[in-house]
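S.K.: Numbering (the UniProt record's numbering), first residue to last: 1 to 780.
Cβ coordinates follow ideal geometry from the N, Cα and C atoms, glycine included.
The model shown is predicted, which means the values in this text are computed figures rather than measured ones.
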Amino acid sequence: MKVPADQFAPFTATDDALVLASVSSPAEREMLDDWLARQRRDHPDTHVEVLQLPGDDDPPAAVLARLVELLEADEDRSVVPVRVFWVPGGLPTRSKVVALLSGRDTYRPPKMLQQRILTKDPSRARVVAGEPAKVSELRQQWSDTTVAENPREFARFVIRRAVLAIERVELRLLGPEYKSPRLIKPEMMASARFREGLEAIPGATVDKAGEMLDELSTGWSRFSVDLIPSLGRAIFSRGFDPNVDYDRDQVESMRRALEDHPAVLLFSHRSYLDGVIVPVAMQENRLPPVHTFAGINLSFGFMGPLMRHSGAIFLRRKLDDPLYKYVLRQFVGYIVEKRFNLSWSIEGTRSRTGKMLPPKLGLLAYVADAYLDGRSDDILLQPVSISFDQLHETAEYAAYARGGEKTPEGLSWLYNFIKAQGERNYGKIYVRFPEAVSMREYLGEPHGPLTTDDAAKRLAMQKMAFEVAWRILRATPVNASALVSALLLTTRGVALTLDQLHHTLQDSLDYLERKQTPMTNSALRLRTADGVRTALDALSNRHPVTRIDGGREPVWRIAPEDEHEAAFYRNTLIDAFLETSIVELALAYAARAETERLEAFWSQAARLRDLLKFDFYFADSAAFREHIAEEMSWHDDWESHVAAGEIDPLLRAKKPLIAAAMLRPYFESYEIVADVLRDSPAEIGEKDLTNKALGVGRQYAAQNRVRSNEAVSALLFATARQVAADQHLLEPAGDLDERRTAFRDELRGILGDMDRVEHIAREQFYVREVARRSLRSEPA
């Protein structure tokens, strides 16, 4: 935190100055008198008139009437806002927490302590003066932005401008991380733009709108800028390394970008900890705080005021009230116009499978409206990747996959959540800030054609949101937990030794390095046996790996009942291997095609992309084809070999062969749903379909008709239903039964191709295993 070195702020000399002095105690009045004496001595030609305002910026009627007189006396006089600035420190933490919950400014010590503090340390406080403004200039601003005509309302407007001018000075003293919106409600309620919009809404009243603004009101108190990240770090440090892993170049690039434009920080969401980590990341990197949207369900107990004074904006669960939607839209516009930053999860909710969910456009539409209305010349959408070595919430997610219900939030839930962080060591937290996406680039100029073309605006927003999510995926580093879990899931419960794990992982590490995929240090350490052992130790005790001792050497496996938890970690890296997995399946498909094998390869790659589009992010069709060609470029003249049917040698030479490890659970879940649909009504409901699929899936898993327990998942069945709907299999039609059967058969064909690829991968493993054992003179 910056600390002022001198005691008095500079004063801009004018011929006639009206000083609006905000003081609230004898100690502050004494400091003000000393400051005024000095200004009059240093500027003898300046006429200085003083009006003292109460410290809460809400003057009584008499003071307001006097201000009206002073403002009407001379349009050319300058108004100079002045306030006593207290350097932070000196209050017990308990008192600060109580003050934070009550909403008081904890950076201003209690009146009874102020004189004692100044006697002991005069540098703890100073008088600061904001930039002066002429009465005529202020009156013109008032006339341009408000609908009021009462001179008292102009006086209130001047006070608000004075408060904001002082805030700017104090912000320079404290640093950008203390930037916070002030006076949102009075500014908006006095706005001509806001009042005109209200008149167009049937039944809307100023009072109702004011109540909604009170509900939305937020703001960082200065102490909360210090306290909330400290509390957040205290929570996650119970189980995680307290030092968050950042890319420093990305942090500095974002810092420069935030100096010019407001931003929306859109983060990936895999844990409730994400909302804790964002303010920590901003504060410890001395970046401006963000105002985070949160569901009104989190405003319980002491959490409500604590979060509200920490930048949280509580939203109603349903946005179906036209007045509420209007107030929210104007509220977002005000925040953006004043260049404050917003933040929320681009996925809208936590991912309970580990992979990123599709982006939600709801809140983004409000920001887009603010931009198109000309509230800012550009708004940056800043992607934020948050990832973890491990999470305690994976047990909860596994329960959801098996059909469990969500636990409602409350004080007991919060206690248990915080307690769970201290149960063991969960490793490190990784935060990445890839390059921001420009709203101007996607939406064009403010007041442009997208202002009135809803369809074109929605399409542009979808592309914009997709780009944000794409950049998050590309920036998220692959970690050791994900790689080890992915490998052990392929064995379907068979245990592996340390050497087997170490040697098998090298092909995947080679691929990731060749593709320049970001990796954590824990993943890079998998190059050594010790690094693999460290990762296994972290995942052991059924988190989700089981270690078996007592033999010649320890071995590790993932038990069937732990597959859902392990899948969460594996799913975080699938996007890094997605296109190479599609290549393998397309090659296997082309190998069984009777003619035009190269054409079959490309058509199947496109078909697999279409089937998986609800689960994963893909580049557009042209770029996807380029990526597939790049994946095949490791083999010279590959197209000729595919066209000639020489495909088996291509598959046998490819390392790693990983399609089954990455995609089997998804296609098996699709196949289960497709099979259930064969004897289901045309318009079967989502809940009924999920319940039937869970039942059939459990049967098939018990019969080994599906290879993976994780395919039997309510979470995966939800996406499988989307796939079926996209194939028009959930609507009445004369040939519905035939098309449903054909779809199931198609999926079984894909799973057959996957079996072929997996068979070759196992052959590679056994060949490597024989060679390894022969070097060590072990029995095969």
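Per DSSP, which one or two residues make a beta bridge with Pro81?
M.R.: For the purposes of this step, residue 81 is identified with residue 81 of the sequence shown, where counting begins at 1. Its beta-bridge partners are Leu20.
S.K.: Identify, in the order they occur along the chain, each residue of the same chain with its Cβ nearer than 6 Å to the Cβ of Pro59, setting aside the five sequence neighbours on each side.
M.R.: Here residue 59 corresponds to residue number 59 of the sequence shown, with the count starting at 1. Taken in chain order, the residues that qualify are Leu53.
S.K.: Do Leu323 and Ala209 have their C-beta atoms closer together than 9 Å?
M.R.: Within the sequence shown, residue 323 is the residue found at index 323, counting from 1. Within the sequence shown, residue 209 is the residue found at index 209, counting from 1. Result yes, Cβ atoms of Leu323 and Ala209 sit closer than 9 Å.
S.K.: What residue range is occupied by the uninterrupted alpha helix (DSSP H) comprising Tyr670?
M.R.: Position 670 of the sequence shown, counting from 1, holds the residue named residue 670. That run of the alpha helix (DSSP H) goes 659-677.
S.K.: Run through the DSSP bridge pairs and tell me what Ile184 is partnered with.
M.R.: For the purposes of this step, residue 184 is identified with residue 184 of the sequence shown, where counting begins at 1. Its beta-bridge partners do not exist; DSSP assigns none.
S.K.: Between which two residues does the alpha helix (DSSP H) carrying Asn521 extend?
M.R.: Within the sequence shown, numbered from 1, the residue matching residue 521 stands at position 521. 521-524 is the span of the alpha helix (DSSP H), which, as asked, contains Asn521.
S.K.: List the DSSP bridge partners of Glu49.
M.R.: Within the sequence shown, the letter at position 49 stands for residue 49. According to DSSP, Glu49 bridges with Leu18.
S.K.: Once the 5 residues before and after Thr394 are set aside, which same chain residues still bring their CB inside 6 Å of it?
M.R.: Here residue 394 is taken as the residue at index 394 of the sequence shown, counted from 1. Same-chain partners within the cutoff: Glu565, Phe568.
S.K.: With a CB to CB cut of under 6 Å and the five nearest residues on each side skipped, what residues in its chain are close to Asp245?
M.R.: Indexing the sequence shown from 1 puts residue 245 at position 245. So the list reads Lys428, Tyr430, once near-sequence residues are dropped.
S.K.: Do you know offhand how far Arg458's Cα is from Asp389's?
M.R.: In the sequence shown, the residue the question calls residue 458 occupies position 458. In the sequence shown, the residue the question calls residue 389 occupies position 389. Going by the C-alpha atoms only, they are around 36 Å apart.
S.K.: One question on the structure: do Tyr617 and Met356 come within less than 9 Å of each other, judged by their Cβ atoms?
M.R.: Along the sequence shown, one-based indexing puts residue 617 at 617. Along the sequence shown, one-based indexing puts residue 356 at 356. Their beta carbons are under 9 Å apart, which means Tyr617 touches Met356 by this criterion.
S.K.: If you measure between the beta carbons of Gly403 and Tyr366, is that distance less than 9 Å?
M.R.: As a position in the sequence shown, residue 403 is number 403, starting the count at 1. As a position in the sequence shown, residue 366 is number 366, starting the count at 1. Taking 9 Å as the Cβ cut-off, Gly403 and Tyr366 do not qualify as a contacting pair.
S.K.: Would you mind working out which of Pro279, Pro202, Phe194 sits nearest Ala234, comparing C-alpha positions?
M.R.: On the sequence shown, residue 234 is found 234 positions in, with the first residue counted as 1. Nearest C-alpha to Ala234: Pro279.
S.K.: At the level of alpha carbons, what is the spacing between Val98 and Phe302?
M.R.: Stepping through the sequence shown from its first residue, residue 98 is reached at position 98. Stepping through the sequence shown from its first residue, residue 302 is reached at position 302. Any reading at Val98 must be qualified, since the residue scores a pLDDT of 48, below 50, and its modelled position is unreliable; the value itself is stated next. C-alpha separation (whole angstroms): 11 Å.
S.K.: Taking the CB atoms as reference points, tell me whether Glu49 and Asp16 lie closer together than 9 Å.
M.R.: Counting from one through the sequence shown, the residue named residue 49 turns up at place 49. Counting from one through the sequence shown, the residue named residue 16 turns up at place 16. A contact, by the Cβ cut-off of 9 Å.
S.K.: Are the stretch 155-169 and the stretch 67-77 touching, with three or more C-beta to C-beta distances below 8 Å?
M.R.: In short, these stretches touch, since the Cβ pair count reaches three.
S.K.: Does DSSP put Gly697 in a helix, in a strand, or in coil?
M.R.: Position 697 of the sequence shown, counted from the start, is the residue given in the question as residue 697. Reduced to three states, the DSSP call for Gly697 is helix.
S.K.: Reducing DSSP to helix, strand and coil, say where Ser95 ends up.
M.R.: Taking the first residue of the sequence shown as 1, we reach residue 95 at position 95. Confidence at Ser95 is low in this model, with a pLDDT of 47, below 50, so the placement of that residue should be treated as unreliable; the coordinate-derived value is given next. Of the three classes helix, strand and coil, the one that applies to Ser95 here is helix, per DSSP.
S.K.: Where does Gln727 fall in DSSP's three states?
M.R.: If you number the sequence shown from 1, residue 727 lands on position 727. Gln727 falls in the coil class under three-state DSSP.
S.K.: Does the stretch 373-384 come into contact with the stretch 433-447, if we say contact requires no fewer than three beta-carbon pairs (one atom in each stretch) closer than 8 Å?
M.R.: Flag = yes, the stretch 373-384 and the stretch 433-447 touch.
S.K.: Touch check for the stretch 494-510 and the stretch 552-563: three-plus C-beta pairs under 8 Å?
M.R.: With the cut-off at 8 Å, the stretch 494-510 and the stretch 552-563 touch.
S.K.: Does any CB atom of chain D fall closer than 9 Å to the CB of Phe388?
M.R.: Of the chains in the structure shown, none is chain D; there is only one protein chain.
S.K.: Excluding sequence positions up to five away, which residues of its chain have a Cβ less than 8 Å from the Cβ of residue 782?
M.R.: Given that the chain is displayed from residue 1 to residue 780, the structure contains no residue 782 and the question cannot be resolved.
S.K.: DSSP state of Asn541, grouped into three classes?
M.R.: Reading the sequence shown from its first residue, position 541 is the one you call residue 541. If DSSP states are grouped into helix, strand and coil, Asn541 belongs with coil.
S.K.: So Val82 packs on Val19, CB below 8 Å; how close in whole Å?
M.R.: Stepping through the sequence shown from its first residue, residue 82 is reached at position 82. Stepping through the sequence shown from its first residue, residue 19 is reached at position 19. That pair is a contact at about 5 Å.
S.K.: Is it the case that the stretch 696-714 contacts the stretch 657-673, given that we only count it when at least three CB pairs across the two stretches are under 8 Å?
M.R.: A contact exists between the stretch 657-673 and the stretch 696-714.
S.K.: Where does the unbroken alpha helix (DSSP H) through Ala129 begin, and where does it stop?
M.R.: Numbered from its first residue, the sequence shown carries residue 129 at position 129. Run containing Ala129: none in the alpha helix (DSSP H); it sits in the beta strand (DSSP E), 125-129.
S.K.: Tell me which residue opens and which closes the beta strand (DSSP E) that Leu345 is part of.
M.R.: By one-based count along the sequence shown, residue 345 stands at place 345. Per the sequence shown, residue 345 should be read as Ser rather than Leu. Where Ser345 is concerned, the enclosing beta strand (DSSP E) stretches over 341-345.
S.K.: Rounded to whole angstroms, what's the CA-CA distance from Leu411 to Asp745? Just pull it up for me.
M.R.: For the purposes of this step, residue 411 is taken as the residue at position 411 of the sequence shown. For the purposes of this step, residue 745 is taken as the residue at position 745 of the sequence shown. Taking the straight line from one Cα to the other gives about 50 Å.
S.K.: Which partner residues does Asp292 have in the DSSP bridge list?
M.R.: Walking along the sequence shown from the start, residue 292 turns up at place 292. The displayed chain sequence assigns Thr, not Asp, to residue 292. Paired residue(s): Ala312, Ser343.
S.K.: Just mark Ile750 as buried or exposed, buried being the case when its beta carbon has 16 or more other beta carbons within 10 Å.
M.R.: By 1-based counting over the sequence shown, the position of residue 750 is 750. Buried, by the Cβ-count rule.
S.K.: For Arg375, is the classification buried or exposed, using 16 other Cβ atoms within 10 angstroms of its Cβ as the cut-off for buried?
M.R.: For the purposes of this step, residue 375 is identified with residue 375 of the sequence shown, where counting begins at 1. Flag for Arg375 reads buried.
S.K.: For Ala465, which residues from the same chain have a beta carbon less than 7 Å from its beta carbon, with the 5 sequence-adjacent residues on both sides left out?
M.R.: Counting from one through the sequence shown, the residue named residue 465 turns up at place 465. Correct list, in chain order: Ile346, Pro359, Leu361, Leu364.
S.K.: Contact check, Asp648 vs Ala591 under 8 Å by CB: the rounded distance?
M.R.: In the sequence shown, the residue the question calls residue 648 occupies position 648. In the sequence shown, the residue the question calls residue 591 occupies position 591. Going by Cβ atoms, the distance from Asp648 to Ala591 rounds to 7 Å, so yes, they are a contact pair.
S.K.: In this structure, does DSSP put Lys134 in helix, strand or coil?
M.R.: Taking the sequence shown and counting its residues from 1, one reaches residue 134 at position 134. Lys134 falls in the strand class under three-state DSSP.
S.K.: Of the choices Asp377, Gln250, Pro408, Lys419, whose alpha-carbon is the least far from that of Phe443?
M.R.: Counting from one through the sequence shown, the residue named residue 443 turns up at place 443. In the sequence on display, residue 443 carries Leu and not Phe. Ranking the options by Cα distance to Leu443, first place goes to Asp377.
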